[in-house]
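Notes follow the structure.
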Amino acid sequence: MAKKPSNVNAIELPLSVVLEKLMSDVNIPIYFSKDVQPSTPITLNFSSSRQDVLNSLSKESGYGIEYKNNRLEISKYITRVFTLNMPSGTMSGQLGSQGQSSSEDSARIEGQYLNVEYKDVQIVDEIAASLEKVLGGDDIAKKSISVSPALSSVTVTATIDQMQDIEYVIDHYKKELSKQVIIDIQMIEFRSNLGKENSIDWNIIKDTGNGLLQFFVPGTTTISQGAGYGLAFMGKGKWTGTESFIRVLEQQGSVSTQTPITAMILNNQPAKITQQNVIPYIYEASSESSEGVISASVTRKTEVEGVDMMVNSIVQDEYVSLRISGQLQKIVNRSTEKVGDVNLGMLSTQKSEITFANKLRYGQTFVIASVKQTSKTAEQTKSFWTELFGGTGTRNDTVETLVLLTPRKGY
Numbered sequence: 009m010a011k012k013p014s015n016v017n018a019i020e021l022p023l024s025v026v027l028e029k030l031m032s033d034v035n036i037p038i039y040f041s042k043d044v045q046p047s048t049p050i051t052l053n054f055s056s057s058r059q060d061v062l063n064s065l066s067k068e069s070g071y072g073i074e075y076k077n078n079r080l081e082i083s084k085y086i087t088r089v090f091t092l093n094m095p096s097g098t099m100s101g102q103l104g105s106q107g108q109s110s111s112e113d114s115a116r117i118e119g120q121y122l123n124v125e126y127k128d129v130q131i132v133d134e135i136a137a138s139l140e141k142v143l144g145g146d147d148i149a150k151k152s153i154s155v156s157p158a159l160s161s162v163t164v165t166a167t168i169d170q171m172q173d174i175e176y177v178i179d180h181y182k183k184e185l186s187k188q189v190i191i192d193i194q195m196i197e198f199r200s201n202l203g204k205e206n207s208i209d210w211n212i213i214k215d216t217g218n219g220l221l222q223f224f225v226p227g228t229t230t231i232s233q234g235a236g237y238g239l240a241f242m243g244k245g246k247w248t249g250t251e252s253f254i255r256v257l258e259q260q261g262s263v264s265t266q267t268p269i270t271a272m273i274l275n276n277q278p279a280k281i282t283q284q285n286v287i288p289y290i291y292e293a294s295s296e297s298s299e300g301v302i303s304a305s306v307t308r309k310t311e312v313e314g315v316d317m318m319v320n321s322i323v324q325d326e327y328v329s330l331r332i333s334g335q336l337q338k339i340v341n342r343s344t345e346k347v348g349d350v351n352l353g354m355l356s357t358q359k360s361e362i363t364f365a366n367k368l369r370y371g372q373t374f375v376i377a378s379v380k381q382t383s384k385t386a387e388q389t390k391s392f393w394t395e396l397f398g399g400t401g402t403r404n405d406t407v408e409t410l411v412l413l414t415p416r417k418g419y
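All letters in the sequence shown, in the order written, are residues 9 to 419 by the working numbering.
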């Protein structure tokens, strides 16, 4: 019935008459709901398939015309169910922290902090609120929309003209929610062999990286002349930015890498990215004597090293805007102290807070965090059992841990 050729040539004819002529060759009853005026005048000259003619007639009359329940129903309001491409659930999260808390008060108010908080965010409810505004925002509009959070769906009852606006809004949200970006995060540990305490020499990187790397500061066309933090670069040739960067770094020292983190993030949907090692150590030891029997007990704690961050993104065609908050923590020294007969572990850690909000082009690699550890070792040599023919010297060792981030297009 829907694909059969049909035509309408009507000038100020009642809607009921036009429908009877259009459906005269099929045995399908026509039903008018109580809110429809069958005498509504119609002026239309159109030839196409029956379905297309009915759609044009629906737009001309302002009524919904649908085949359901084995009849052709004409009604003022139509109902549509829209399922969103987003898993169900309520989202809560926080980018950043609120400083440090004291032992007396759990409120975290000390120090400087920058927060972006998400609390009980329900995407379906927010979209439903937007649809209410499209329908006028009054009580009738609220009653025309129902939400099913478990199925991530919205049911809307509206006129044919209003439904066109509703479908446009729904299509926009679906398109935005379907955008995604792939985030590659690589942790690099660099050990200097230059005998200096300045670790990575970025001027050497820029000189030796000519032909392999292209440097710039995101959002500008200038080249950074200072430290590497905040610097972005891209690989030139067959290597990616991270691969080229490692090869250039190897000219200054040895480079070791950890397993890269790859996360696919949806547009405007925060994601938590973590890669950490848990290091146990003996924190406290105690002993008790009872009736001549001495028993010892120890308390073990753990410390973590690695990267822990939260990422939110706005995905665009050529760029991705990222907001990142997190922390890079590195254990820079391990030692033991003997207390009684127990060796207690002593760990020294260094932290680098990650706070980043900027726009990056796909394929750009960005240095988002850096932690540097330096150590100096004194050495003494003897010849013929005497220092007279020997000597003393010092050796500087530098280890720098970098966190590199590269956004890539997700399809």
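Here a beta-carbon is modelled for each residue, glycine too, at the ideal position from N, C-alpha and C.
Item: Best match in Leu412, Asp316, Glu292 and Val379 for proximity to Gly353 [C-alpha to C-alpha]; Value: Glu292
Item: Cα-Cα separation, Met318 to Thr409; Value: 19 Å
Item: Limits of the alpha helix (DSSP H) - the one that Tyr181 falls within; Value: Ile168 to Ser186
Item: As assigned by DSSP and simplified to three states, the class of Ser343; Value: strand
Item: Counterpart residues of Asn351 in DSSP-defined beta bridges; Value: Lys346
Item: Stretch-stretch touch, CB-based, cutoff 8 Å, three pairs: the region 56 to 70 with the region 150 to 160; Value: no
Item: Buried or exposed (CB count within 10 angstroms, at least 16 for buried), Thr51; Value: exposed
Item: Assigned exposure category for Gly314 - 16 Cβ within 10 Å defines buried; Value: buried
Item: Through-space distance from Lys127 to Gly335, alpha-carbon basis; Value: Per the sequence shown, the amino acid found at residue 335 is Gln instead of Gly. So the alpha carbons of these two residues sit roughly 22 Å apart.
Item: Whole-angstrom distance between Pro46 and Leu23, CA atom to CA atom; Value: 5 Å
Item: Other residues of its chain near Asn15: CB distance less than 6 Å, five sequence neighbours each side excluded; Value: Ser55
Item: Cβ-heavy atom distance, Ser57 to the ligand FMN, below 7 Å; Value: Annotation note on the ligand FMN: not contained in the displayed structure, which lists no ligands.
Item: Distance, Ser303 Cα to Ser297 Cα; Value: 6 Å
Item: Span separating the alpha-carbon of Ile178 from that of Ala158; Value: 18 Å
Item: Meets three-Cβ-pair contact criterion under 8 Å: the region 93 to 100 and the region 64 to 74; Value: no
Item: Residues that Gln102 bridges to, as DSSP identifies them; Value: Glu125
Item: Close beta carbons around Asp43, own chain, < 6 Å, minus the five adjacent residues each side; Value: Lys84
Item: Status (buried if at least 16 other CB within 10 Å, exposed otherwise) for Val362; Value: Per the sequence presented here, residue 362 reads as Ile, with Val not at that position. Burial call: buried.
Item: Same chain only: Cβ atoms within 6 Å of Trp393, ignoring 5 sequence neighbours per side; Value: With a pLDDT of only 48 at Trp393, under the threshold of 50, the placement of this residue in the model should not be trusted, and no figure is reported.
Item: Beta-carbon proximity list for Ala264, same chain, < 7 Å, skipping 5 on both sides; Value: Per the sequence presented here, residue 264 reads as Ser, with Ala not at that position. Result list for Ser264: Glu197, in chain order.
Item: Anticipated Cβ contact below 8 Å, Asn93 with Lys187, distance rounded; Value: At roughly 11 Å, the Cβ-Cβ gap does not stay under 8 Å, so Asn93 and Lys187 are not in contact.
Item: Arg331 vs Gly371 beta-carbon contact at 8 Å; Value: no
Item: Supposed close pair Thr357, Lys380 - CB separation, criterion 8 Å; Value: That belief does not hold up - the Cβ atoms of Thr357 and Lys380 are roughly 13 Å apart, past 8 Å.
Item: Whole-angstrom distance between Thr167 and Pro278, CA atom to CA atom; Value: 36 Å
Item: Neighbourhood of Ile280 by C-beta, 7 Å cutoff - its chain only, sequence neighbours within 5 removed; Value: Note on identity: in this sequence residue 280 is Lys, with Ile being the wrong assignment. Closer than 7 Å at Cβ, skipping near neighbours: Met318.
Item: Distance between beta carbons of Gln284 and Val312, contact taken as under 8 Å; Value: 5 Å
Item: Chain-order list of residues whose beta-carbon lies under 6 Å from that of Phe364 (same chain, five-residue window excluded); Value: Ile332 and Ile376
Item: Ile287 vs Leu355 beta-carbon contact at 8 Å; Value: yes
Item: Residues near Glu184 in its chain [Cβ-Cβ closer than 6 Å; skip 5 each side]; Value: Asn275
Item: Top-ranked residue by Cα proximity to Pro49, from Thr307, Glu68, Lys141 and Glu20; Value: Glu20
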